[in-house]
Amino acid sequence: MEASISEQPEEFEGFQNDKRNSIVLRTQLSVKVHTIIDKLMNSEGKELRRCLFALKHIFQEDKDLVHEFIQNDGLRCLIKLGSDVDQNYQNYILRALGQVMLYVDGMNGVIEDNPTIQWLYSLLTSRFRLVVKTALKLLLVFIEYVESNCLIFIQAVHAVHQSNGTPLWSNVMKLLTEPDMVDTELLVYAMTLINKTLNGIPDQDTYYDQVDAIEEQGIEQVVQ
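Taking our numbering, the leading residue of the sequence shown gets 110, the next gets one more, and so forth.
In structure tokens form, the structure reads like this:
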């Protein structure tokens, strides 16, 4: 029982040919995912930290679990937690989300769940540089995955600023115009995020709406 499937070729010969076996496997994955989500939502303190820390490794070891996690609102679970916890927990959530985005099923799940992108964008206002930098990296991964993701990201930017009544792109522009900013890597990420997003916009109206917003907040002084 302790051996892996690869160590038991004879026992598993023809396993995939029987649809009943795949149903059992999928059911087991669903049960496992529900257990993980339940643990995340009902833990706190050190127990929650252990759960979040382990999540990236769980996704690394079982890519099939990522698909099931997405299908069972796992992203919403992570975002809900990420909105309520401190930066240490947020870092663990970002690590897990980064692992999810490495898989096609995971990235497709993120593409279809705009609140996840909104949450990542909102983290750019965090006081903690590691959180900001990791969120920037994941947003770059997202928009570089396929050009159409640039418009999805812009939708998230608009949604965040409409909800809090702040200027478009101000989360990024505050990073670029902060007088005491000494983290050049973070500045490069922020500038790259703007440039790559603008380059991926297919229509002039949307493009100039974004350009007008960042120009009003001093982008020309930043690039000089």
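Think of the CB as a built atom: it goes at the ideal place given N, C-alpha and C, for glycine as much as any other residue.
| message | Closest to M282 by C-alpha separation, out of L247, T301 and N200, would be which residue? | response | T301
| message | Using C-beta distances below 7 Å, list every residue in its chain close to N258, excluding the 5 sequence neighbours before and after it, in chain order. | response | I220, F251 and I252
| N308 to S152, Cα distance in whole Å? | 43 Å
| said: Below 8 Å on the Cβ atoms is my contact criterion, and I expect V245 with K305 to pass it. Report the Cβ-Cβ distance as a whole number of Å. | reply: A small correction: the amino acid at residue 245 is Leu; Val does not occupy that position in the sequence shown. The pair is not a contact, with the Cβ atoms about 11 Å apart (cut-off 8 Å).
| Is N181 helix, strand or coil when you go by DSSP? | coil
| query | Could you give the uninterrupted runs of the alpha helix (DSSP H) lying entirely in the stretch 280–307, keeping only those of 4 residues or more? | reply | none
| request: State yes or no: is the C-beta of G363 within less than 7 Å of the C-beta of V175? | output: With the chain running from 110 to 333 in the structure shown, residue 363 is simply not present.
| Taking Cβ positions, are L285 and V331 nearer each other than 7 Å? | yes
| Is N280 buried or exposed, if buried means 16 or more other CB atoms sit within 10 Å of its CB? | buried
| field | Between the CA atoms of H267 and Y316 - distance to the nearest angstrom | value | 13 Å
| said: For Q319, report the span of its alpha helix (DSSP H) as first-last. | reply: Q313 to E325
| task | Tell whether a beta-carbon distance below 7 Å holds between I188 and T225. | result | yes
| field | Extent of the continuous alpha helix (DSSP H) to which V240 belongs | value | R238 to Y254
| Cβ neighbour criterion (16 or more within 10 Å) applied to V140 | exposed
| request: State the Cα-Cα distance for the pair K155 and V209, rounded to the nearest angstrom. | output: 23 Å
| query | Whose CA, out of D292, G183, L247 and H166, lies closest to the CA of T144? | reply | G183
| message | Can you look up D222 in the DSSP assignment and give me helix, strand or coil? | response | coil
| request: Please go through the same chain and pick out, in chain order, the residues whose beta-carbon is closer than 7 Å to the beta-carbon of K165, but skip the five residues on each side of it. | output: R204, A205 and Q208
| task | Could you check how far apart the C-beta atoms of N200 and L239 are, in whole angstroms? I think they sit under 8 Å. | result | 6 Å
| Straight-line CA distance for Q326 to P311? | 23 Å
| request: Assign V194 to one of three DSSP states: helix, strand, or coil. | output: coil
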